[in-house]
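First up is the structure itself, then whatever we jot down about it.
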Amino acid sequence: MVDVTLRIRRYNPEDTQNRKPYWQEFSLKDCHPSDRVLDMLHRVKWEQDGTLALRRSCAHGVCGSDAMRINGRNMLACKALIRDLFSPVPDSVKIQVEPILGLPVLKDLIVDMEPFFAHYREVMPYFINDDPLPANGRERFQTQEDRERFDDTTKCILCACCTTACPSFWANGQYVGPAAIVQAHRFIFDSRDKATAERLAILAEPNGVWRCRTIFNCTPACPREIEVTRAIGEVKLAIQRGTTEGIIKVTEIKEVVSNS
Amino acid sequence: MNSLVLTLTEALRYRGGIGQWSWILHRVSGLGVVLFLTLHVIDTSWAVFYPGLYEEAIAAYQSPLFTLGEFALVACVVYHAYNGIRIVIFDFQPRWWKHQQRAAFAVLGLTAVTLVPVFALMLIEVIDHYGHSPFVLGLDRVLLAQAPFAVGIVVAIIGAVLLSGLVGLVTGGGEAGGRAGSKFERFWWSFMRVSGVLILPLVFGHLVLMHVVQGVFALTEAGSTIIGTRGLLNVSGTATEFVLARWNTSLAGPTAGVGLWKLYDIGLLLLVTVHGFNGLRYVLTDYTTDKPMLRRAATYLTLIAGVVLLVVGGAALLAGIEPTALDMACHAQEELGKTLSEFCQARIGG
Ligand code: HEM
Ligand code: HEM
Ligand code: SF4
Ligand code: SF4
Ligand code: FES
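Top to bottom, those sequences are chains A and B. Numbering that gives the first Met the number 0 applies: residue 0 is where the first sequence begins, and numbers increase by one. Numbering that gives the first Met the number 0 applies: residue 0 is where the second sequence begins, and numbers increase by one.
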């Protein structure tokens with residue numbers, strides 16, 4: 000059993016005494032190493048301070064709503080176990096939780112996701128193909144290889160862990176950010192989609208992919224283990240070469256998958 | 000400004016990987032070298048236009064303050080160059096990303112491996128220099144000589160802001176370059192990478208000649224051979240003669256044909272200035288997104304400063320140095336209080 004001190008960055012715009020964000024500590028006895036940070040936040044909210052505000056929904060790493068900065072790094076609270084944060088797990092630990100960075104904080108751990116989703120919408124994150132349906136009127140086929148090219152980027156749950164870990168995005172909120180590029184990648188490299196040129200043109204704008212400085216903060220932040228910086232690099236190359244041909248070689252993806 | 004403070008403090012607090020530190024170091028080192036370059040190109044042009052001032056500038060380079068700065072400068076150039084190559088590699092081979100962490104440490108390691116012998120050689124030169132109770136330009140004069148640069152930079156900034164304000168009034172605001180958008184940044188992205196790769200051998204070559212093989216102190220050593228001139232001697236012991244001899248050295252022979260080092264310096268000047276000032280534009284526009292007026296000003300500032308530097312440096316290279324410049328250089332050395340070479344004594348006496 001572990002004793003946990005949870006240090007939370009609080010902010011309440013309606014609190015007239017405390018207009019600025021401040022740190023507050025909560026002690027939790029008898030936590031289990033396999034407890035998640037989300038469980039501990041629940042305990043605080045349910046047992047100690049009902050005013051603590053946080054967002055979560057599925058609690059199983061699927062909906063992407065509980066991204067926060069835990070011990071200095073972006074993670075999903077529902078996927079961050081005590082034993083992932085500390086190994087070996089000592090008898091008492093201190094865990095620091097604060098909102099993700101670069102988006103306006105609304106209250107405690109809740110940020111305004113609208114700027115993030117606005118960037119998401121900029122890249123037209125939906126399937127575009129106005130060609131007539133195939134003769135049988137059913138699905139548009141694609142080889143397994145063609146499907147493989149963008150398999151990685153289909154896994155994104157729009158949690159914003161990557162974008163709000165990116166120093167370029169902190170500096171410049173108009174940069175579309177890694178998540179939007181990942182989402183664009185999913186369609187750009189889909190052989191059935193027909194809006195590749197438009198998406199590449201959008202991402203070639205000054206606040207598109209060129210703001211990425213290849214810092215690699217986004218990649219380890221992704222809870223879905225998407226190869227974020229790689230996807231961005233592939234989009235950059237596609238813009239440079241004016242084509243998506245020959246940039247992703249499926250045999251190499253297979254290699255990586257079987258190695259990891 | 001807000002986003003600048005935020006990035007600085009939070010970049011320190013966010014526990015990102017080594018990539019985050021690489022980025023900070025790359026940025027800081029790039030900016031440091033741009034600052035030096037601005038002084039350096041203008042200083043060097045004085046060898047042509049005001050040889051007296053050039054002697055003073057080189058005396059400042061040889062003073063302790065600049066010697067310290069020189070170590071930092073060399074470290075900045077070496078780290079920035081290696082890290083730049085790392086960035087280029089991952090930009091063109093995104094699938095290698097799994098090695099990025101190792102690569103970032105390799106850059107640090109390579110930088111250290113390069114700097115240890117280079118610093119050792121530089122240190123030997125410094126110790127050797129001070130072992131001969133040399134002439135040292137006073138700190139007050141060193142600082143005073145930099146004052147025009149400080150003023151110039153402030154004036155340039157104010158000018159760019161005023162210009163941007165004026166343009167904003169006329170056009171109603173908006174981004175510099177309008178929606179020239181995609182092609183523009185795409186070009187610069189490629190340019191930064193191609194130029195970086197080309198600069199590396201040029202600037203390393205330049206530094207090896209000016210530091211490791213000879214050192215800044217050798218610039219004004221009467222009777223020393225001038226590097227890269229097939230054995231010409233620096234008779235007058237003036238920095239002006241050093242540059243004169245180098246720029247007159249050509250592939251065909253010491254004094255005929257197109258200057259070998261002129262060509263070299265033109266290439267270096269063009270690539271480094273454009274790369275450096277576009278890099279400065281990247282940094283400045285990153286931190287001014289919320290303020291279109293300042294963001295425009297940043298673009299103007301880097302554009303104007305870059306062009307001015309190219310014109311000044313280019314004009315110096317094209318004009319070349321007149322032999323009479325040596326008289327002025329000798330006079331300047333006398334005025335600075337240096338021990339004069341026999342050549343200079345004869346010139347001044349006669
Ligand atoms: C403290 C170290 C340095 C010393 C002592 C030094 C010395 C010199 C000298 C003596 C010249 C005159 C031309 C010649 O002899 O070839 C020159 C020119 C030049 N140097 Fe350096 N240099 C240094 C570092 C650098 C660095 C780091 C850069 C690049 C960022 C650089 C860029 C240039 C350029 C562009 C020119 C041509 C200037 C013109 O067109 O007027 N130098 N340097
Ligand atoms: C020696 C070889 C060099 C290489 C290989 C190199 C490479 C690079 C690369 C790849 C970038 C990244 C651009 C981007 O993120 O889009 C960059 C940025 C930059 N470089 Fe260089 N560079 C070199 C020399 C120089 C020199 C001599 C200067 C100064 C005159 C300079 C100043 C800058 C600046 C200010 C930036 C912007 C940094 C930022 O955006 O954070 N670089 N360089
Ligand atoms: S690799 Fe690019 S997008 Fe990812 S954190 Fe770095 S700068 Fe941001
Ligand atoms: S790429 Fe990963 S970190 Fe980024 S939003 Fe999607 S799931 Fe989250
Ligand atoms: S609560 Fe849904 S991802 Fe964590």
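Beta carbons: idealized from backbone N, C-alpha and C, even for Gly.
- [ ] Measuring only between beta-carbons, confirm whether A/L100 sits less than 7 Å from chain B.
- [x] Contact with chain B is found for A/L100, since one of that chain's Cβ atoms lies less than 7 Å from the residue's Cβ.
TODO: State the DSSP-derived secondary structure class of B/G258, mapped to helix, strand or coil.
DONE: Strand, per DSSP.
Task: Chain-ordered chain B contacts of A/R148 [CB-CB under 9 Å] - done: Simply none; closest approach about 12 Å.
Task: Which listed residue (A/C160, A/V181, A/K106) has its alpha carbon closest to that of A/E272 - done: Residue numbering for chain A in the displayed model covers 0 to 259; residue 272 of chain A lies beyond these limits and cannot be assessed.
- [ ] Please report the residue range of the alpha helix (DSSP H) in which A/Q143 lies.
- [x] 143-148 is the span of the alpha helix (DSSP H), which, as asked, contains A/Q143.
Open item on the list: Does the region 101-113 of chain A come into contact with the region 46-64 of chain A, if we say contact requires no fewer than three beta-carbon pairs (one atom in each stretch) closer than 8 Å?
Closed with: With the rule of 3 Cβ pairs closer than 8 Å, the region 101-113 of chain A counts as touching the region 46-64 of chain A.
TODO: Please check if any C-beta of chain B sits within less than 7 Å of the C-beta of A/T228.
DONE: Yes, contact with chain B.
Task: Nearest-angstrom Cα separation, counted from B/V234 out to B/I226 - done: One Cα belongs to B/I226, the other to B/V234, and the distance between them is close to 14 Å.
- [ ] Decide if the region 179-194 of chain B is in contact with the region 309-317 of chain B; the criterion is three or more beta carbon pairs, one per stretch, under 8 Å apart.
- [x] By the C-beta criterion, the region 179-194 of chain B is judged not to be in contact with the region 309-317 of chain B, since fewer than 3 inter-stretch pairs fall below 8 Å.
Open item on the list: Out of B/L293, B/F276, B/T228, B/Y286, which one is the CA nearest neighbour of B/K261?
Closed with: Comparing Cα positions, the closest option is B/T228.
Task: C-alpha distance - B/A221 paired with B/L232, whole-angstrom precision - done: If you take the alpha carbons of B/A221 and B/L232, they lie about 8 Å apart.
TODO: With a threshold of 16 other CB atoms inside 10 Å of the CB of A/F149, please say whether the residue is buried or exposed.
DONE: By the neighbour-count criterion, in which 16 or more other beta carbons inside 10 Å mark a residue as buried, A/F149 falls on the buried side.
- [ ] Report yes if the C-beta of A/C158 is less than 6 Å from at least one heavy atom of ligand 3; otherwise report no.
- [x] Answer for A/C158: no, Cβ out of range of ligand 3.
- [ ] Could you check what DSSP says for B/F134 in three-state terms: helix, strand or coil?
- [x] Reduced to three states, the DSSP call for B/F134 is coil.
TODO: Classify A/G176 as buried or exposed, calling it buried when 16 or more other Cβ atoms lie within 10 Å of its own Cβ.
DONE: A/G176 is classed as buried because its beta carbon has at least 16 other beta carbons within 10 Å across all chains shown.
TODO: Entirely within the region 209-250 of chain A and at least 3 residues each: give me those beta strand (DSSP E) ranges in chain order.
DONE: If only uninterrupted beta strand (DSSP E) runs of at least 3 residues are considered, none is enclosed by the region 209-250 of chain A.
Task: B/E124 and B/G214 closer than 7 Å at C-beta - done: When the beta-carbon positions are compared, B/E124 and B/G214 come within less than 7 Å of each other.
TODO: Pull up the distance between the alpha-carbon of A/C30 and that of A/D2, whole angstroms please.
DONE: A/C30 and A/D2: Cα-Cα distance of roughly 6 Å.
- [ ] Scan the region 129-160 of chain B for residues whose Cβ lies nearer than 7 Å to a Cβ of chain A and list them as they occur along the chain.
- [x] Residues passing the 7 Å Cβ filter: none.
Task: CA-to-CA distance, B/T284 to B/L36, given in whole angstroms - done: Between B/L36 and B/T284, the alpha-carbon positions lie close to 20 Å from each other.
Open item on the list: Taking 6 Å as the cut-off, is the beta-carbon of A/R223 closer than that to any non-hydrogen atom of ligand 7?
Closed with: In terms of ligand content, the structure shown lacks ligand 7 and carries ligand 1, ligand 2, ligand 3, ligand 4 and ligand 5 instead.
TODO: Pull up the CB-CB distance for A/R68 and A/P98, whole angstroms please, since I reckon it's below 8 Å.
DONE: Correct: roughly 7 Å between the Cβ atoms.
Task: Own chain, CB closer than 7 Å to A/D90, minus 5 neighbours either side, in chain order - done: By the criterion of a C-beta distance shorter than 7 Å, A/D90 is surrounded in its chain by V1, D2, once the five residues flanking it on both sides are discounted.
Task: chain C within 7 Å of A/F168, Cβ atoms only - done: Among the chains of the structure shown, chain C does not appear; the protein chains present are A and B.
TODO: Would you give the residue range spanned by the alpha helix (DSSP H) that A/Q182 belongs to?
DONE: Unbroken alpha helix (DSSP H) run through A/Q182: 176-187.
Open item on the list: So, with DSSP's three-state summary, where would you put B/R14?
Closed with: In the three-state DSSP reduction, B/R14 falls in the coil class, being neither helix nor strand.
Task: Inter-stretch contact (C-beta, 8 Å, three-pair minimum) for the region 289-300 of chain B and the region 160-168 of chain B - done: Flag = yes, the region 289-300 of chain B and the region 160-168 of chain B touch.
TODO: Verify the CB distance criterion: does A/G49 have a CB-CB separation below 7 Å to chain B?
DONE: No - not a single Cβ of chain B is within 7 Å of the one on A/G49.
Task: B/G137 classed as buried or exposed, judged by whether at least 16 other C-beta atoms fall within 10 angstroms - done: Exposed, by the Cβ-count rule.
- [ ] Please confirm whether any heavy atom of ligand 4 lies closer than 6 Å to the CB of B/C75.
- [x] Checking the Cβ of B/C75 against ligand 4 gives no.
Task: A/E147 versus A/S56, A/M39, A/R185, A/A117, residue with shortest Cα-Cα distance - done: For A/E147, the closest C-alpha among the options A/S56, A/M39, A/R185, A/A117 is that of A/R185.
Open item on the list: On the criterion of 16 or more Cβ atoms from any shown chain inside 10 Å, does A/K28 qualify as buried, or is it exposed?
Closed with: Burial call: exposed.
Task: DSSP state of B/Q92 mapped onto helix, strand, coil - done: Per DSSP, reduced to three states, the secondary structure at B/Q92 is coil, with no helix or strand assignment.
Open item on the list: B/T272 and B/A46 - do their beta-carbons sit closer together than 7 Å?
Closed with: In this structure, B/T272 does not lie closer than 7 Å to B/A46 by Cβ.
Task: Short CB-CB distance (under 7 Å) between A/I214 and chain B - done: Taking Cβ atoms only, chain B reaches closer than 7 Å to A/I214, which makes this a yes.
TODO: Check each residue of the region 3-33 of chain B: if its Cβ is closer than 7 Å to any Cβ of chain A, include it; give the result in chain order.
DONE: For the region 3-33 of chain B, the set of residues with a beta-carbon nearer than 7 Å to any beta-carbon of chain A comprises L5, T6, E9, A10, R12, Y13, R14, G15, G16, G18, Q19, W22, in chain order.
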